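Heads up, the thing below is written out as structure tokens.
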Amino acid sequence: MADRSLEGMALPLEVRARLAELELELSEGDITQKGYEKKRSKLIGAYLPQPPTANGAAVVRCRLQPGEGVPRRPFRSAHIGVCDIREAAARERAASAAGNRPLFYFRFGVDQALPQERRAPVTPSSASRYHRRRSSGSRDERYRSDVHTEAVQAALAKHKERKMAVPMPSKRRSLVVQTSMDAYTPPDTSSGSEDEGSVQGDSQGTPTSSQGSINMEHWISQAIHGSTTSTTSSSSTQSGGSGAAHRLADVMAQTHIENHSAPPDVTTYTSEHSIQVERPQGSTTSRTAPKYGNAELMETGDGVPVSSRVSAKIQQLVNTLKRPKRPPLREFFVDDFEELLEVQQPDPNQPKPEGAQMLATRGEQLGVVTNWPPSLEAALQRWGTISPKAPCLTTMDTNGKPLYILTYGKLWTRSMKVAYNILHKLGTKQEPMVRPGDRVALVFPNNDPAAFMVAFYGCLLAEVVPVPIEVPLTRKDAGSQQIGFLLGSCGVTVALTSDACHKGLPKSPTGEIPQFKGWPKLLWFVTESKHLSKPPRDWFPHIKDANNDTAYIEYKTCKDGSVLGVTVTRIALLTHCQALTQACGYTEAETIVNVLDFKKDVGLWHGILTSVMNMMHVISIPYALMKVNPLSWIQKVCQYKAKVACVKSRDMHWALVAHRDQRDVNLSSLRMLIVADGANPWSISSCDAFLNVFQSKGLRQEVICPCASSPEALTVAIRRPTDDSNQPPGRGVLSMHGLTYGVIRVDSEEKLSVLTVQDVGLVMPGAIMCSVKPDGVPQLCRTDEIGELCVCAVATGTSYYGLSGMTKNTFEVFPMTSSGAPISEYPFIRTGLLGFVGPGGLVFVVGKMDGLMVVSGRRHNADDIVATALAVEPMKFVYRGRIAVFSVTVLHDERIVIVAEQRPDSTEEDSFQWMSRVLQAIDSIHQVGVYCLALVPANTLPKTPLGGIHLSETKQLFLEGSLHPCNVLMCPHTCVTNLPKPRQKQPEIGPASVMVGNLVSGKRIAQASGRDLGQIEDNDQARKFLFLSEVLQWRAQTTPDHLLYTLLNCRGTIANSLTCVQLHKRAEKIAVMLMERGHLQDGDHVALVYPPGIDLIAAFYGCLYAGCVPITVRPPHPQNIATTLPTVKMIVEVSRSACLMTTQLICKLLRSREAAAAVDVRTWPLILDTDDLPKKRPAQIYKPSNPDTLAYLDFSVSTTGMLAGVKMSHAATSAFCRSIKLQCELYPSREVAICLDPYCGLGFVLWCLCSVYSGHQSILIPPSELETNPALWLLAVSQYKVRDTFCSYSVMELCTKGLGSQTESLKARGLDLSRVRTCVVVAEERPRIALTQSFSKLFKDLGLHPRAVSTSFGCRVNLAICLQGTSGPDPTTVYVDMRALRHDRVRLVERGSPHSLPLMESGKILPGVRIIIANPETKGPLGDSHLGEIWVHSAHNASGYFTIYGDESLQSDHFNSRLSFGDTQTIWARTGYLGFLRRTELTDANGERHDALYVVGALDEAMELRGMRYHPIDIETSVIRAHKSVTECAVFTWTNLLVVVVELDGSEQEALDLVPLVTNVVLEEHYLIVGVVVVVDIGVIPINSRGEKQRMHLRDGFLADQLDPIYVAYNM
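Using the numbering used here, read the sequence shown as starting at 2 and increasing by one per residue.
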């Protein structure tokens, strides 16, 4: 990152070295950017040309000019630049330019011809770049590469030219404070950017440049390639104050204006005169934009007032998404509903392998040395008896002092002791617990190699199979369950451990070791000598030659987290030790320093096994000591004059960081420094850097020996230590673009996306290696192709224990030639390493199969992505380099997910900047999009036993929504390029053709009807009384004391009741009051504002007696007047009520101070309080002159937020009551329990009208009472032995949630639902099957018959179309294909088939109702099982909308429609609901075949996206299933973006877990990309009295910024 402008300057060497050191200080976070700039300018000030400026001052410009192109790599002291790869590579390219370009060409070693000064002798000052101890936030240097860092910075510099336009996510303040220690510090505008090659945009430019973004473009979208358009800034118009302060407000402030404790029907009442009763399609009403609290509002296209802040963010997102995506998507259109996902077309220009087919490479002959022992136990016996005093293993304490020296004599005797005790002291003589061949677990901590070694060799001597595993620290360690599964499958019953370890294991209160999750029951056996019995003199272990018996099992964790056991036979074990001895040139009594984990892999093979075979002395450095003193291993090499050291690249890096010019360091004794993770391509930089610093300390270049290994194939290749330093190591610079296609292409280091790889030496002695295609048939690769390395040798694993199928795929591979012939009769083993064999038989590894992510057909390696992400850090952002990269499968392709721990002091802005830059960098370097980028607080990712990141556990937490990130950025728009082709609507077939088509194909027209009212109604009541007021008078005369209504209170006792005569008398008094006190005329409208109860019923009939038109209105909520009162006011005004009747209590409420704050209380009409009624009777009771005159108005708020009042005539009201009476068989001796809101629709009719008409007794249960006593309704049903009951979805949900755990206690209280014949949910929507089924299941034990539960269906034009009733078949359920439904088609499928959606019949069609299914566009009739709009013809249809505009066109279309073809005479009302009719095999009560009506959803609620019709409920159902903390969900669209609002039932820390899961599930199940995810508190989604979500109110609240969301994520 040193300044590009320094390249051409002649700076002295010490200045350059000081600059490099300064830069390290900056990158480690030891100095600030300001301090860096200051010291840097001091250092180079004298060497800069000083052009005079206007005021005479010199200006230092360090900005990369646009014309400069990709910046060259600056000089780097003491790093990879020392052996500068580039110049030599350039020379080689020039030399080969004359001929054809070779397919791959490697440079070996350092070019001796490089100018001396460019090679930078390592002086103390230049080396001191590494001397600073790393700060806590430093990154993981395994992935460190200066070349790569600079490539990334150059790529980012290119992106700087573009203006970014995606909004920053909004977080609630509490969430920001909780997840970041430093709560939002606006950046210092004077400091330079993270990329010193370019400063911020010109500060003297436009004054607004810093207002909307925080010094740097906030967000990067891969979708913006090639575009420089600037769009709306991410914040609203500035209202004064500094840019930084305003930005702070922009992200943090969430104006919480309303308390949504009781959601209203209409949240916002805009102005008193311009009331929008309904939103007509396409028409906009002009009005002034009001202000909601302090949120600025503006108008949008459809007249919805919105907060400019939210809408500006959404607008930015829309603008960003409008830009051309990359790769370009061809939009195909298919009409067939079998949507095929877009198949990724192969890139015609992609590189293809061109080389010849490779030949298998053979390692050198494994020379059988005469004195090699016949088995490893024999070797131990030999050294234990010949040289018992020779040191075998020295262990260190955490201070670096030798803790214990294990000699070969002690190892031999103790191992024998362990072997004897395992075989003879566990179990009984007759039934020993462990027999030869059994498996036992070895559980030893990383600081006790001596105890492990004794136990391991004890097992070998006892011919028992050791299974070394990690020490379980808690009962729920990451991955511990999978280890338990391995132990179980190996049949392990005994675990060997040390005394100290045994004491440290978690214990139960009784002192026993608990059974760990997923583990088998184990006997813990301590192997310390003092606990063991001495073997008898005559007992001796049976030592035989190595054979094919299993020697040990090494565990291996797979990509998916499962743990497998790789079995290694005794012959393989011995041969492997021999091969390592030959390759590494091991001799007796050599000293080897081992830093690696001795329980597995390279640490086990060299430090425990091969060392014993050769009687070597191992110095074991525990991980705890390395943490305290990273130089400890180097000190031990010097102290013991060790010949060999086994390390990982991270140990080399730590040593560099801690190294402080110690004078006594001398590494000349080392002949071999084995780099265990040499197969990771990113280890090369640590190797180079280590050599640079320690070359002056006696370290020779040829000593560094990277090796490649895998659990299955053991050591795959290792670089040999050579005495000839003229034979330099091999390395190659490969094009990353080529690698993604599996092709080797040498590139130049000037390119941004290259991978520098080093060789891992030659194939092992006695082995044959080849590379095969990673997937499909194991066909040999070409010479310029990347494949999976396969090995054929004795010295390998032989199987996965107990898994024959997986074993066959990995351990029994027969590579084929292109002609299909196997290359060998012996099987090869897949190593899991991706690479190739280069010139001279050198093996190169570019990645692992486990880290492979195949995205859109291109291969990416997780380690490469990690390296790029870490190279981005402007100021060391990732905490200790802890970053995880993995892929998740979403919509049939892998998607890249990056999870990183952020430093504790990171601000929101740091996070945001880093994330956007990572996206840019990965896009530029790898040409791949990142699907999700998540940041978690420091130290929260699951760890492996040695402190690394447990990748599969991290992935698991991500997928189950338990990762708890503090920042998330989803980019589905850029990554998901395989969505189904958008649907293009074909030209409509005319209605006549449809009808003819149906007739020709033998399909009947979809029409159905209920029983005929005229034929079945013969009693005199219907003929005698046309009006309800007359029926009541008749009942008061004939059956005066018959009980009509019983009202229950929350305790279940009778609060009030009414007989026929009582109701009649109260109605008379109210009529007198209206005429005398109200001076009302017949036809005047009266608003009835009552709580659910008897008063409401009496007031309604009082209005009928006086000739007035009643309108029932829900009273305002006393705790939430501000949001509920405007709705009351609106209905009163829209209905043109001349008078308002209510109780005394509500009367006071309407005139209270709180009410005055919400509405203008002076404009209320006359308010009459009915608590005090006049005593006298009316002179006469009003009788309507015409049955078609208005009986009452029914006002309701639709789910789309439309307030619509419909007119119900006297004739329709009577017909309605008659229809229900017949369907439900209601008569005076019946009792019906009603738990509904009595303000509109069928709920009002059942509460107020039906009892009077039919004479049955209604038991009234106000739904609000269930909040205090959820069992009230069911207890009443049981107590009164009710056969028929009606409720709403809200009531059913309350019972399901509130009584779920109380069924037993209710049973004990005598609750019995066995008499219930019909339990009807009154609804105006598609039946909610999940709810009705869970209700039925829950109360089945209390006698409720599942067949009893059904739903009704009504809408605004007809308040009840279907109702189950007492006779007829049970409601049927069909399963339809959801994908077909999106294309407006019905395709019936089997239950459980993919994409199936259950639809339940909405009850039975009521008597007197006719239904037809019509095409909503052409108005033509449709056939059976075709989806269309439900049209209804009935005597109880409403007669029209009541509007104050007199806009009749809308009404006439809704209430008076005619078919365009067929029966064109009948007048139909359009319900606005999509559905279909299906003739079933069932028989109706009248003997005909039953027609079932299935409601799919409301037309005005459906969302059209990508040319397809989606019903919100389907998406919401998927989202609610996505995570246990999602209690409710609502979706809506905004400018073609899908917005998903979820209610979170959990801590705010879980809010961000939901964002990826919501995005995933909607993509997977609905093929839609979510644009915005809003996480809110419980109760924010407004629900109306019918339990329906009011999505449009929610939308308005979101856009007006009134939801106070916990988190808002804008998906890119």
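Yeah, the Cβ is synthetic: ideal placement off N, Cα and C, and Gly gets one too.
These numbers come from a predicted model, not from an experiment.
Asked: Along the chain, which unbroken stretches of the beta strand (DSSP E) at least 3 residues long are found entirely within the stretch 503–560?; Found: 524–527, 551–558
Asked: My output table needs one value for lysine 1590: the three-state DSSP class, helix, strand or coil.; Found: strand
Asked: Determine whether the beta carbon atoms of lysine 1590 and threonine 1200 lie at a separation below 8 angstroms.; Found: yes
Asked: Within 10 angstroms of the Cβ of phenylalanine 541, are there 16 or more other Cβ atoms? Answer buried if so, exposed if not.; Found: exposed
Asked: If the criterion is Cβ atoms closer than 8 angstroms, does the pair glutamate 1402 and leucine 1478 meet it?; Found: no
Asked: Return the Cβ separation of asparagine 862 and glycine 848 in integer angstroms, given the expectation that the two are a contact with Cβ distance under 8 angstroms.; Found: 4 angstroms
Asked: Look at the Cβ atom of tyrosine 801, then the Cβ atom of valine 567, and state whether they are nearer than 8 angstroms.; Found: yes
Asked: Please report the distance separating the alpha-carbon of glutamine 641 from that of threonine 592.; Found: The sequence shown places tyrosine at residue 641, not glutamine. Looking at the two C-alpha atoms, the distance is approximately 7 angstroms.
Asked: I'd like the list of long-range same chain contacts for serine 204, defined as Cβ closer than 7 angstroms, with 5 residues on each side in sequence excluded.; Found: For serine 204, the predicted model reports a pLDDT of 35, less than 50, meaning its position is unreliable and no value from the coordinates is stated.
Asked: Under 8 angstroms Cβ to Cβ from asparagine 548, same chain only, skipping five residues before and after it: list those, please.; Found: Thr570, Arg571, Ile572
Asked: Restricting to Cα atoms, I'd like to know which of Glu789, Asn372, Gly1355 is closest to valine 579.; Found: Looking at the sequence shown, residue 579 is not valine but glutamine. It is Asn372.
Asked: Which whole-angstrom value is the C-beta distance of cysteine 1249 and leucine 1227, which I expect to be below 8 angstroms?; Found: Their Cβ separation, rounded to whole angstroms, is 14 angstroms, which puts cysteine 1249 and leucine 1227 out of contact at 8 angstroms.
Asked: Using a Cβ distance threshold of 8 angstroms, determine whether the stretch 774–794 contacts the stretch 862–873, with at least three qualifying pairs required.; Found: no
Asked: Return helix, strand or coil for tryptophan 683, following the three-state DSSP convention.; Found: coil
Asked: Taking aspartate 1606 as the reference, which of Thr150, Val16, Gly46, Lys172 has the closest Cα?; Found: Going by the sequence as given, residue 1606 is proline instead of aspartate. Measuring from the Cα of proline 1606, the nearest candidate turns out to be Lys172.
Asked: I'd like to know whether the C-beta atoms of phenylalanine 1287 and isoleucine 1235 end up nearer to each other than 8 angstroms.; Found: yes
Asked: Just verifying my parser: in three-state terms, what is the DSSP assignment at glutamate 1678?; Found: Nothing can be reported for residue 1678, as the shown portion of the chain is limited to 2 through 1613.
Asked: State buried or exposed for serine 907, treating a residue as buried only when at least 16 other CB atoms are found within 10 Å of its CB.; Found: buried
Asked: Using DSSP with H/G/I as helix, E/B as strand and the rest coil, what is isoleucine 1607?; Found: coil
Asked: Opposite tyrosine 1511 in the DSSP bridges: which residues?; Found: Met1504
Asked: Quick check: what's the CA-CA separation for histidine 927 versus valine 856?; Found: 11 angstroms
Asked: On a Cα-Cα basis, can you pick out the residue from Leu1569, Ile1132, Tyr880 that is closest to proline 905?; Found: Tyr880
Asked: Does the distance from the CB of tryptophan 634 to the CB of alanine 646 come in under 8 angstroms?; Found: yes
Asked: Put proline 1175 into one of helix, strand or coil per three-state DSSP.; Found: coil
Asked: Looking only at C-alpha atoms, which of Cys793, Thr408, His425, Ser1010 sits nearest to glutamate 1489?; Found: Ser1010
Asked: Ignore the nearest five residues each way along the sequence and tell me which others in methionine 417's own chain have a CB closer than 7 angstroms to its CB.; Found: Leu462, Pro536, Pro542
Asked: Starting from the C-beta of valine 603, find all residues in its chain whose C-beta is less than 8 angstroms away, skip the five residues before and the five after it, and write them out in chain order.; Found: Leu597, Cys647, Ile675, Ala677, Cys708, Ser710, Thr716
Asked: Using CA atoms only, rank isn't needed, just tell me which of Asp1578, Arg1587, Gly1588 is closest to glutamine 1603.; Found: Asp1578
Asked: Hey, could you find the ends of the alpha helix (DSSP H) arginine 1219 is sitting in?; Found: 1211–1225
Asked: Could you tell me whether the stretch 1143–1151 touches the stretch 1090–1097, using the rule of 3 or more Cβ pairs below 8 angstroms?; Found: yes
Asked: Quick one: measure Cβ to Cβ for valine 873 and valine 153, integer angstroms, because I've assumed they're closer than 8 angstroms.; Found: 6 angstroms
Asked: Beta carbon of valine 734, beta carbon of valine 761: below 8 angstroms?; Found: no
Asked: Which word fits proline 623, buried or exposed, when buried means at least 16 other C-beta atoms lie within 10 angstroms of its C-beta?; Found: buried
Asked: Along the chain, where does the alpha helix (DSSP H) containing arginine 1 start, and where does it finish?; Found: As shown, the chain starts at 2 and ends at 1613. That puts residue 1 outside it, with no answer to give.
Asked: Going by CA-CA distance only, name the one from Leu574, Cys706, Asp1189 that's closest to alanine 1436.; Found: Asp1189
Asked: Please confirm if the stretch 1559–1577 is in contact with the stretch 1510–1517, defined as three or more CB-CB distances below 8 angstroms between the two stretches.; Found: yes
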